[in-house]
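Please read the structure below before turning to the comments.
Chains as they are written, first to last, in the working numbering: chain A, 21 to 699; chain B, 35 to 233.
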C-alpha cells in the first residue's frame, strides 16, 4: 500500500484517496465547507488548505489525490495563516446575524470562525446583500448568508436527481437559486437544509422555533416508509420540533425523505387524546373503564370467536403480537394486515421481503421494477437506485405506467402480461438481465395487490433464480410501503378468508357475523365493508377510521412509545420514546391485556419487557436488533401464465398517505405546491 | 455597474415567442456535430450566441428555454451559463450596443471623455438604452486592444484610436444610419507604430 507522511508520521492509505481522506485516517481534522463525502468534489471553499512539501503554495486537500511519498503538514504557521485568510474572505460578505439565525449553535461557519478566524474585521466597505429566493414550502432561504459552497446544487443534481438548484452569475454577483424561483420538486429536498454549512438554507416549518441546545434529542427510527431510516427526533416538552437523519450506510445513508422530516407537525393536530364512545349515534367523551366495559360486552354479545383485528400502516410488532394472542384467546382467527391486498406466497418468507438488502442496490447493474414507484414508496431507496444508475451505468426496466423516477429507464409494458415474455426469454430485457453481473428485481405492491399476486411472485422468483449470478445475493425484492407489513407477515398476522381479496373476504365475514372489529390505526380500507360491524378504533389521529368508529381508544404515536418494527429487508428496529403520550393515550398491548382480563382470558405478560420476552421466545427472528439475516431461498419459484392485468400505482400522493401526514399542514402545502393538488 | 450581461434575472415582462429561424436551425445541426454524440450539451455556448443574435442581441426567457430544450439540458443549467458570461445579455438592448472600455490604458488615454460623448450623442446614461432604441451604452473592463486605446466596441466591431471628435462622428453616423469605418480611426493598421520613424 502507498504511504503518505502527515505531520511527520507515516500512514498507509488506499489508492484513490484524497489528501483530506488520508488526513482523516491519521486522525487530523481538516476544516471544510464545500467538501461532503456523499457529493462530488468542488474544491471551491478553500478552507481545507494544507501544506505539501515541494509545492509552492498550500493545496486544497479535498481535491488533491493522495500520492505515494507525499509529505503533508497540517499544523504549520503557513497552514494556520492560510486558514485565517480564507476565513476572513468568507466572512467579508457574511452577515453578523448569528443571534437571529436558525443555524446558530450548530453552524459550521460559526464553529470554524471560532477556531480559525480573526477576532475582528478589517473590512470597512459595505457588505453585499442578496435577495432571498423562494424554494418552496420546506426550504427557507436567507441568501445573504450563503458562502457558495454549492453543496445544495450538487445534492439536487447528483443525489436527488432534479436539476432545480443552480448557481447564477459569478464573482461577487454569484447567487444560489432555483430556476425562476420555483419550488424544488424532490422528495429529498429537505436534505439541503442539513447540507448547508451556514444558515442560508434552513427549515421553513422550524423557523424561529427553538435553539439546538434547548432540545431533547432521541435517536430512533422512522416509520413513514418501509425503509426504517435512522433518525434523530428533537423534542421540547411534549412537542416534536424536528427530525434529522442519522448516518446509516445500510439503510438511509445520510438522507431522509421530506415526509419523514416535515410530517411531524401532523403529530400535534387532529390528535385523539380522549376516549370516545358512540351514544345515540354521536361520539361523546368517555372514560377508559366505560369504554372497556362497552367493548367487552360487545365482544361477548356479538360472538367472541368472530372478533376481527385489522392492522394499519404504523402498527408495531408488540401490538400485532398482543392482538394475535388476544384473538387466539377469543378463538377468533380473523386477524389480517393486508389492507392494500398485497399478496405473498404462503410457504416462503422470501416472498414479502427486500431480500437483496438495500445496500446491495448500489452494486446492481440491471434492475427490473415491477408495479412500483420507488420515488414515492421509499424515497431514500430511490436515491440508491439513482446511485447505481450513475455509478454502475445500471440498466433499468419498468413494468407499469410511465413516471418520472429521476433516472432514465426502458419502459417495457403497462401490463403484467409482459412477465410471460420475460419468462419465455422473448423480451429485449432478458438479455440485459442475463448479461448483468448483479441483476435485481424490485416488485411493488401495485403489481401484487390482485388475486394473482402469489402467482406473479412465483413467476418472478423463477425469473430471479434464472438471472441470479451471485449465490449470496437474492435478486427477488418486494418493496412494501409500510413499516408494519413485514413484521406482521412474519408474525403470520393473516387470515385465509381474506386471501386473494381482502375487502371482499372482510365484507363477507362482517355481513354474516356482525362482529366487533378492532382497527389498529387503520384508515386505508373501504369503510363500506364495516357497516355491519361494531368498530373499535385504536389510533392516534382523528382520521377516516376514527370518524367511522363506535368506540375510539387513543394510543400513542410513534414518537411516544418504544416499539419494534421490521423493515422491508427484515431488519428488526426498535424505536425510542421521545416524550410522554398526549392525553389519555394507552399502549395498544395494554388495551388488549385489560380486555383479555375482563373476558377471563388474561394474557400472560404484565409489562413491555415480559411481552418482548414472550415475543422473542416464540418468534426468534425478532431477537437481534439492527441485524440483517438475509434469506436466499428461491425454491418456491414456478413459471405461471399471467393474465393481462394493467398496473395502477396504489400511491397517489407522496406527501399525504397516512393518518399523520394527512393531518400535517406542511404536507398539505407540499401537496398544493408540488403536486398541484388540493389537499 | 449596470450591464445587461451581468444580470442574474430572467427578463420576464416581454411575452415573446422564440423559435429557431430556418437558417439557424441548419446551423445548429452543424454546431452539434462538432461534439461527441453523448456530449451535445457542450454546444450550449454557441447555441446561446446563435439565439442571442436571432433575438436582437439579448436572451429572453423563451430563447433560453428553447436552447435548453434543443440540447436536452435543464433550464437552470442553461441559465447558469448565460449568467456567468457577461457577453450574454439578459435584458433587451438597443440596435447598437456600445461598450466603452474604461480599464487603465483606455482610461489614461481619455475614455472618460468618450463616455461623456456617448451620453450626449446617444441621449442615454451609462447602462441605459436610448428612448429611440438605437443605443445601449455601457462601460466595460478591458477588451484587449490596449495598444489602440482608447477604444469602443459597438456590436461585433472594434473602433480604435478614438478621440472625442471621431467617436462623436461614429455615433452620429450610426444615429443617421450612415456607414462608418471599422477599426482604427487614424488609419493605422492593427497596432503598428502611430508615426513613421524618421530615418
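Even for Gly, the Cβ is constructed at its ideal location relative to N, Cα and C.
Pairwise C-alpha distance: residue j and residue i
i              : j              : result
residue 525(A) : residue 358(A) : 12 Å
residue 148(A) : residue 164(A) : 7 Å
residue 542(A) : residue 602(A) : 19 Å
residue 691(A) : residue 100(A) : 49 Å
residue 164(B) : residue 114(B) : 29 Å
residue 688(A) : residue 698(A) : 8 Å
residue 89(A)  : residue 77(A)  : 18 Å
residue 613(A) : residue 307(A) : 17 Å
residue 129(A) : residue 156(A) : 25 Å
residue 302(A) : residue 572(A) : 12 Å
residue 195(A) : residue 42(B)  : 8 Å
residue 278(A) : residue 45(A)  : 33 Å
residue 254(A) : residue 49(A)  : 27 Å
residue 616(A) : residue 459(A) : 49 Å
residue 214(B) : residue 178(B) : 22 Å
residue 271(A) : residue 648(A) : 11 Å
residue 476(A) : residue 660(A) : 7 Å
residue 31(A)  : residue 592(A) : 38 Å
residue 39(A)  : residue 82(A)  : 6 Å
residue 193(B) : residue 52(B)  : 32 Å
Pair within 8 Å by beta-carbon distance, residue i and residue j
i              : j              : result
residue 482(A) : residue 443(A) : yes
residue 296(A) : residue 329(A) : no
residue 74(B)  : residue 105(B) : yes
residue 462(A) : residue 412(A) : no
residue 240(A) : residue 595(A) : yes
residue 153(B) : residue 198(B) : no
residue 114(A) : residue 61(A)  : no
residue 195(B) : residue 229(B) : no
residue 588(A) : residue 373(A) : yes
residue 137(B) : residue 38(B)  : no
residue 224(A) : residue 159(A) : yes
residue 650(A) : residue 375(A) : yes
residue 127(A) : residue 218(A) : yes
residue 386(A) : residue 499(A) : no
residue 662(A) : residue 549(A) : no
residue 112(A) : residue 136(A) : no
residue 86(B)  : residue 122(B) : yes
Proximity winner among the options, relative to residue i (alpha-carbon distances)
i              : options                           : result
residue 360(A) : 470(A), 34(A), 254(A) and 374(A)  : 470(A)
residue 673(A) : 685(A), 695(A) and 679(A)         : 695(A)
residue 95(A)  : 60(A), 344(A), 130(A) and 47(A)   : 47(A)
residue 97(A)  : 499(A), 131(A), 422(A) and 69(A)  : 69(A)
residue 65(B)  : 51(B), 215(B), 82(B) and 130(B)   : 82(B)
residue 257(A) : 238(A), 307(A) and 158(A)         : 238(A)
residue 56(A)  : 379(A), 211(A), 506(A) and 191(A) : 211(A)
residue 208(B) : 80(B), 149(B) and 132(B)          : 132(B)
residue 564(A) : 678(A), 458(A), 668(A) and 651(A) : 678(A)
residue 517(A) : 641(A), 363(A), 597(A) and 650(A) : 363(A)
residue 609(A) : 637(A), 576(A), 299(A) and 512(A) : 576(A)
residue 631(A) : 266(A), 313(A) and 336(A)         : 336(A)
residue 622(A) : 547(A), 249(A) and 342(A)         : 342(A)
residue 606(A) : 293(A), 445(A), 641(A) and 467(A) : 293(A)
residue 338(A) : 544(A), 42(A), 627(A) and 668(A)  : 627(A)
Query raised in the report: Looking at chain A, which residues of the stretch 102-130 of chain B have a Cβ within less than 7 Å of any of its Cβ atoms?
Result: 108, 109, 110, 111, 113, 114, 117 and 118
Requested in this report: Using a Cβ-Cβ cut-off of less than 8 Å, give me the residues of the stretch 184-203 of chain A that come near chain B, in sequence order.
Outcome: 184, 185, 186, 187, 188, 189, 190, 193, 195, 197, 198, 199 and 200
Report task. Taking only runs that begin and end inside the stretch 592-655 of chain A, name each unbroken beta strand (DSSP E) of 3 or more residues, in chain order. Result -> 592-594
**Report entry** Inside the stretch 349-399 of chain A only - beta strand (DSSP E) runs reaching at least 3 residues
**Finding:** Within the stretch 349-399 of chain A, the complete beta strand (DSSP E) runs of at least 3 residues are 386-390.
Query - Near-chain A residues of the stretch 151-167 of chain B (beta-carbon distance less than 9 Å), N- to C-terminal order - result: Result list empty, no residue passes.
**Report entry** Length at least 4, wholly inside the stretch 269-340 of chain A: the alpha helix (DSSP H) runs in chain order
**Finding:** 278-282 and 308-321
Requested in this report: Could you please tell me which residues of the stretch 199-229 of chain B, in chain order, have their CB closer than 7 Å to any CB of chain A?
Outcome: In summary, no residue of the stretch 199-229 of chain B has a CB separated from any CB of chain A by less than 7 Å.
Query - Those runs of the alpha helix (DSSP H) which lie wholly inside the stretch 33-62 of chain A and span at least 4 residues - result: Listed in chain order, they are 39-45.
Report task. Could you tell me which uninterrupted beta strand (DSSP E) segments, each at least 3 residues in length, are contained entirely in the stretch 402-463 of chain A, listed from first to last along the chain? Result -> 415-419 and 430-433
Query raised in the report: Unbroken alpha helix (DSSP H) runs of length 4 or more, entirely within the stretch 85-121 of chain A: which are they?
Result: 97-112
Requested in this report: With 7 Å as the limit, tell me which residues of the stretch 40-72 of chain B have their beta carbon closer than that to any beta carbon of chain A; keep them in chain order.
Outcome: 40, 42 and 44
Query - Sequence ranges, beta strand (DSSP E) only - wholly within the stretch 202-260 of chain A, length at least 3 - result: 221-223, 236-241 and 250-256
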